[in-house]
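Student: The structure follows.
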Amino acid sequence: MADREPVPDGLDGHDGRGPESRDRPTGKDHLPDVVADRYASAAMVALWSPEGKVKAERRFWVAVLEAQQRQGIAVPDGAVEAYRAVIDQVDLDSIRARERVTRHDVKARIEEFCALAGHELIHKGMTSRDLTENIEQLQIRNSLLLVRDKLAAVVCSLGELAGEHAELVMVGRTHNVPAQVTTLGKRLASYGEEGLAALRRIQDLLGRYRLRGLKGPVGTQQDQLDLFGGSSDLVWSLEQEVAAGLGFDEVMGSVGQVYPRSLDYDVVSALVQASSAPANLARSVRLMAGLGLVSEGYQAGQVGSSAMPGKRNARTAERIGGLSVVVRGYGDMVGALVGDQWNEGDVSCSVVRRVALPGAFLALDGQLESVLVVLNELSVFPDAIAAEVAANLPALAATRVLTAAVAAGAGREQAHRVIAEHVPKGEDFFSAVTTDDRLPPVGDAVAAIRAQPLSLTGAAVQQAQDFAAKAGELAQEFPDAAAYQPEPIL
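Here it is as structure tokens:
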């Protein structure tokens, strides 16, 4: 091989304990990643898979080598093509064998790629973090794009359902007890608005997410400057070309060996926010399903219980809530790295980030896949909803009766005490409040309530319809995302 290039010593950015550093059991003895294997989509798993990462790193090395060549660095004829030809020849076992010797994951992957290509030309002027930081950022950005589109699909689906059920009167609950009348469309719109806020945050994050770039062992770019004879213009051009090739518009200015881990927290905290609306929705679906008002869907052949043949669990909604806990847990892990950077960098964050960054994205992806299944298969039972409204109408109507009594001249607190006294009487509530001489006449208000419970919903219908319109605009902004169909779930 020609043009052998040593890996810099010292602060090389790795602790030698990468994912390929140990023997891994396969087949029946392999311990699976539960979230990746059971919940996340194939697209998200591919972004974070060991083989996918190796291929991304190789493409990055080739892109840097080509850019260096265009900036005047001599590269033998056919070398770039030789590297490119073996990008997809990934043998993880061979890489692990090399790492058992080097105890350095990046050095093992350099040696493997060079052996396959028959050249030793990649990684010139680079340290390990020039590779890993940029590839991780590429994974993050591509994962954010996937999350953005799936979250847009969730918001659009909620908009359709909010419009469809805008006038479906139901019991509104605070503290999980009947409070006032609302509509199912209004309830769904509330979760949709929360999801829309999270979506806009992710869009904003994508717009300002900058690449670390080729900064070298301590961030000074000394090695690249040496490679280019001290020309800062050529080094700047190289970095800009590489960033553009990865799809980034901007590169960070001054960073050390690692970019600030507060930026990772910005990403993962956005994922935590994105997980909230699906989790809140799922909790309400579970509560409504427990009252027989809705069902998350029950497919042919599905089994609710191994013991109880008639059981119909809201199991996917439960999964959504559980995955939200997982996302928040990773948020706590990444938050612990904020403000813990030593000088130009260290590797104490390595194990946390290797677990938390893919973990958070995979868990959120699984949650979004699951919530789309629930929304697609949601069954609504209007008769049961109407029966619940009728059973709770005295409590739901009490505020309207109070307002009518006060408008007719009653003292508010006296009217409040009298009306509260009659609420437990159930159906007799209405006759009681119209005949109690401690209250002014409220018969007209009572008649209107009983004839049209929708009159008790305030602006609920309009709010649901307004959100449905917003979701419609979002569907035009993201037509592919709006049409997305989730993968079949276990």
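Using our numbering, the first residue of the sequence shown is number 167, and each one after it goes up by one.
Every residue gets a Cβ at the ideal spot worked out from N, C-alpha and C, and that includes glycine.
Predicted, not measured: the structure shown is a model, and the values here were computed from it.
(1) Does the Cβ of W227 have 16 or more other Cβ atoms within 10 Å, making it buried, or fewer, making it exposed?
(2) Could you compute how far the alpha carbon of A248 sits from the alpha carbon of A283?
(3) Report the start-end ranges of each beta strand (DSSP E) in the stretch 375 to 425 that is 3 residues or longer and not cut off at the edges.
(4) Just to confirm my understanding: we take E232, look at its own chain, exclude 5 residues before and 5 after, and list those with CB closer than 7 angstroms. What are they?
(5) So, are the CB atoms of E462 and A443 less than 8 angstroms apart?
(6) Using the three-state DSSP reduction, which class does T340 fall into: helix, strand or coil?
(7) For the putative contact between V424 and Q507, defined by C-beta atoms under 8 angstroms, what is the C-beta separation to the nearest angstrom?
(8) Compute the Euclidean distance between the alpha carbons of H331 and D254, then round it to the nearest angstrom.
(9) Counting beta carbon pairs with one atom in the stretch 622 to 630 and one in the stretch 344 to 358, are three or more of them shorter than 8 angstroms?
(10) I'd like the list of long-range same chain contacts for S450, defined as Cβ closer than 7 angstroms, with 5 residues on each side in sequence excluded.
(11) If I follow the unbroken alpha helix (DSSP H) through L334, where does it start and stop?
(12) Going by C-alpha distance, which of T600, I551, G592 is nearest A574?
(13) Have a look at C515, I301, R452 and flag the residue whose alpha-carbon is nearest the alpha-carbon of G411.
(14) Identify which residue in G419, V320, N509 has its Cα closest to the Cα of A637.
(15) Name, in chain order, the residues that DSSP records as bridge partners for Q346.
(16) When the Cα atoms are used, what is the spatial distance from G291 to K273?
(17) Does the distance from the CB of V335 to the CB of P619 come in under 8 angstroms?
(18) From I276 to E299, what does the alpha carbon distance come to, in whole angstroms?
(19) Taking DSSP's pairing of strands, which residues face V451 in a bridge?
(20) Assuming D740 is part of the alpha helix (DSSP H), what are its boundary residues?
(21) Note down, in chain order, each residue of its chain lying with its Cβ closer than 7 angstroms to the Cβ of A480, except the 5 sequence neighbours on either side.
(22) Compute the Euclidean distance between the alpha carbons of A440 and Q369, then round it to the nearest angstrom.
Tutor: Taking the definition as stated:
(1) Around the beta carbon of W227, 16 or more other beta carbons lie within 10 angstroms, which makes this residue buried.
(2) For A248 and A283, the distance between alpha carbons rounds to 5 angstroms.
(3) For the stretch 375 to 425, not one full-length beta strand (DSSP E) segment reaches 3 residues or more.
(4) The residues are V246.
(5) Here E462 is not near A443, since their CB atoms are 8 angstroms or more apart.
(6) Strand.
(7) With a Cβ gap of about 7 angstroms, V424 and Q507 count as contacting.
(8) Roughly 50 angstroms between the two C-alpha positions.
(9) Judged by Cβ distances under 8 angstroms, the stretch 344 to 358 makes contact with the stretch 622 to 630, as three or more pairs qualify.
(10) R353, listed in sequence order.
(11) From DSSP, L334 is part of no alpha helix (DSSP H); its letter is neither H nor E.
(12) Nearest C-alpha to A574: T600.
(13) Of C515, I301, R452, the residue nearest in Cα terms is I301.
(14) Looking at G419, V320, N509, the one whose alpha-carbon comes closest to that of A637 is V320.
(15) According to DSSP, Q346 bridges with G338.
(16) In a straight line, the C-alpha of G291 is about 14 angstroms away from that of K273.
(17) Yes, they are a contact pair.
(18) I276 and E299 have their alpha carbons spaced roughly 16 angstroms apart.
(19) V451 pairs with nothing; no bridge assigned.
(20) A question about residue 740 goes unanswered here, because the residues of the chain that appear run from 167 up to 656.
(21) Excluding five sequence positions before and after A480, the CB atoms of its chain that fall closer than 7 angstroms to its own CB belong to V451, R452, A455, E462, given in chain order.
(22) Going by C-alpha positions, A440 is about 12 angstroms away from Q369.
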